[in-house]
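Numbering (this note's numbering), first residue to last: -3 to 64.
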């Protein structure tokens, strides 16, 4: 599972860069708390499908893009 957390973290960072969005903007646009977004970015935890869909929608990508 640690590898998957790191994969999600990496792909989330890539999607954020493509969308020119920082973590605060992502949190606000997706409705996911800022602290939770930071946990995903640090690879501490992975989003559930519903949350991944919110993040992906805010970033203009698909949830699959965040999973690698």
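From the three backbone atoms N, C-alpha and C, an ideal C-beta is built for every residue, glycine too.
Per DSSP, residue 34 is one residue of the alpha helix (DSSP H) stretching across 30 to 37. By the Cβ-count criterion, residue 5 is buried, with 16 or more other Cβ atoms from all chains shown falling within 10 Å of its own Cβ. Annotation: residue 60 to residue 20 spans about 22 Å, alpha carbon to alpha carbon. Bounds of the alpha helix (DSSP H) holding residue -2 are -2 to 14. For residue 46, the uninterrupted alpha helix (DSSP H) segment begins and ends at 45 to 55.
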